[in-house]
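Encoded as structure tokens, the structure appears first; notes follow it.
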Amino acid sequence: MVDEKGDLCLWEHLVAGGGATLSAVSVMHPLDTIKIYMQRAQVATAGGSANVRPTMLGAAQEILAQRGPGGFYAGLGANLSGQVPAGAIKFATYELLKQHAVQKRLPAAAQGWGEVASAALAFLACSVVLVPGEVVKSRLQAGLYPSFREALLRIIEQDGVSGLYRGYWATVTRDVPYTMLEFGLYEQFKRACMWSVKRDRLHSSEEWTMGGLAGGVTGWCTTPLDVIKTKLMTCARSQYRGYWDAARDVWHREGLSGFFTGGLARVLWLVPFTAVFFGSHEIIKRFLRSRKRQYSTLRSTRIPRMDPEASASSNCTCRYKSIKWFGSSTLICDVRIKPAYRSPRHPF
Numbered sequence: 041m042v043d044e045k046g047d048l049c050l051w052e053h054l055v056a057g058g059g060a061t062l063s064a065v066s067v068m069h070p071l072d073t074i075k076i077y078m079q080r081a082q083v084a085t086a087g088g089s090a091n092v093r094p095t096m097l098g099a100a101q102e103i104l105a106q107r108g109p110g111g112f113y114a115g116l117g118a119n120l121s122g123q124v125p126a127g128a129i130k131f132a133t134y135e136l137l138k139q140h141a142v143q144k145r146l147p148a149a150a151q152g153w154g155e156v157a158s159a160a161l162a163f164l165a166c167s168v169v170l171v172p173g174e175v176v177k178s179r180l181q182a183g184l185y186p187s188f189r190e191a192l193l194r195i196i197e198q199d200g201v202s203g204l205y206r207g208y209w210a211t212v213t214r215d216v217p218y219t220m221l222e223f224g225l226y227e228q229f230k231r232a233c234m235w236s237v238k239r240d241r242l243h244s245s246e247e248w249t250m251g252g253l254a255g256g257v258t259g260w261c262t263t264p265l266d267v268i269k270t271k272l273m274t275c276a277r278s279q280y281r282g283y284w285d286a287a288r289d290v291w292h293r294e295g296l297s298g299f300f301t302g303g304l305a306r307v308l309w310l311v312p313f314t315a316v317f318f319g320s321h322e323i324i325k326r327f328l329r330s331r332k333r334q335y336s337t338l339r340s341t342r343i344p345r346m347d348p349e350a351s352a353s354s355n356c357t358c359r360y361k362s363i364k365w366f367g368s369s370t371l372i373c374d375v376r377i378k379p380a381y382r383s384p385r386h387p388f
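Have a look at this one:
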């Protein structure tokens, strides 16, 4: 994101990234469940020679009928367990690379490419914790297991720990270009918006809008990769030999349109998701920066030393307060002026 003055440290970037991911995933999980259901569904026609894919409304009605309202939040715990730490790592890696490598070492003309490369490295850094949560979440959303615990135990029992990384390369193949395009478009959309409004900083509503636009374009372009990834993660290990085998199966069964199954649901999910994702991240960063500036001001303020006897005879008092900031504390002096003594008036 276009940085303001007051660089944040590693743990502050982790907090901002994790908080943004928590907000976005929690709000948009039901639409993600519908998308997963549509991509996995294989409903045979009467002749059995073709597949009928459910619409978004049809998928929502089937989920509601089979599992009730709670079915839309199936896999939320698994999703958060992987997405929140992954989002924290991804944003922290991206921001630190951009802050210390791109902005300080690359010329202005090359910084856009540097940001795209930073986004790719950021996803690779977070993929180790992201993919296991994605595997469990996808199977819970598809209705294959009733609970997070049972899904985790069954996957490990059937395929070992490596089963949690089933579809890892499909996820990397989808999400590395997705992350590069998403972050790259967001940065460029922000710059274009700042140029058009003639300001060096955007309002929150403008940041949310730019985030939604970046997510919608990126989501549609990467839907084919998402379809293949979902099939690999939700099928039995023996069903497909690999990424290209799953792609051929989609082509033979459903043709080109099969690669865009759930594409509308994906875009409708990603537009608000990335709006919340980037918008809340910017809000959290601004909050952390403002608190950091306040804390720095307090630490740089010299505490006056007052003689107790002198203060007793003077018209001011100094009381020391301890101000806490994320575990550390500092002292400030609260100086209060005593009102001058006035003798009470005679009632007559």
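If you read the sequence shown in the working numbering, its first letter stands for residue 41, the second for the next number, and so on.
Beta carbons are placed, not taken as given, at the ideal position from N, Cα and C, and that holds for glycine.
request  = Report the residue from W248, V175 and A210 whose alpha carbon sits nearest the alpha carbon of L193.
outcome  = Of the listed residues, the one whose Cα sits closest to L193 is V175.
message = Quick check on the DSSP output: what are the complete alpha helix (DSSP H) runs of length 4 or more inside the segment 174-204, in order along the chain?
response = Unbroken alpha helix (DSSP H) runs of no fewer than 4 residues, entirely contained in the segment 174-204, are found at 188-199, following chain order.
message = I'd like to know whether the C-beta atoms of R214 and L180 end up nearer to each other than 7 Å.
response = R214 places its beta carbon 7 Å or farther from that of L180.
request  = Using a threshold of 7 Å, state whether the C-beta atoms of E155 and E102 are closer than that.
outcome  = No. Outside cutoff.
query = Where does G298 sit, in a helix, a strand or coil, going by DSSP?
reply = Collapsing the DSSP output to three states places G298 in a helix.
ask   = Taking C-beta to C-beta, are A254 and T337 nearer than 7 Å?
value = A254 places its beta carbon 7 Å or farther from that of T337.
task = Would you mind working out which of A132, G98, D199 and T262 sits nearest R306, comparing C-alpha positions?
result = Cα-wise, what sits closest to R306 is T262.
inquiry  = Alpha carbons only, please: which of G111, H321, F163 and W260 is nearest the one belonging to L304?
reply    = Minimum Cα distance to L304 is reached at W260.
inquiry  = Just to confirm, is the Cβ distance from V171 to Y205 under 7 Å?
reply    = It is a contact, given that the beta carbons lie within the stated cut-off.
query = Hey, G58 and V124: beta-carbon distance below 7 Å or not?
reply = Yes, the Cβ-Cβ distance between G58 and V124 is below 7 Å.
query = Between which two residues does the alpha helix (DSSP H) containing A141 stretch?
reply = Looking at the DSSP string, A141 is not in any alpha helix (DSSP H), and its letter there is neither H nor E.
inquiry  = Check whether the segment 51-67 and the segment 119-138 touch, using three or more Cβ-Cβ pairs below 8 Å as the test.
reply    = Three or more Cβ pairs closer than 8 Å define a contact, and the segment 51-67 meets that threshold against the segment 119-138.
task = Could you tell me the distance, in whole angstroms, from the CA atom of G302 to the CA atom of A114?
result = In a straight line, the C-alpha of G302 is about 18 Å away from that of A114.
inquiry  = Can you check which of these residues, E246, G127 and A99, is closest to T219 by C-alpha distance?
reply    = Comparing Cα positions, the closest option is G127.
task = Check whether the Cβ of R189 lies closer than 7 Å to any Cβ atom in chain C.
result = Reference to chain C is not applicable here, since this structure consists of a single protein chain.
task = Whole angstroms is fine: what's the gap from L310's alpha carbon to G252's?
result = The straight-line gap from Cα to Cα measures roughly 7 Å.
key: Cα-Cα separation between D47 and A191, rounded to whole angstroms   = Inter-residue distance for D47 and A191 is about 41 Å (C-alpha atoms, whole angstroms).
request  = Go to C49, then tell me how far its alpha helix (DSSP H) extends in each direction, as first and last residue.
outcome  = First-last for C49: undefined, no H or E at that position.
task = Using a threshold of 7 Å, state whether the C-beta atoms of A56 and H321 are closer than that.
result = One thing to note: A56 has its Cβ within 7 Å of the Cβ of H321.
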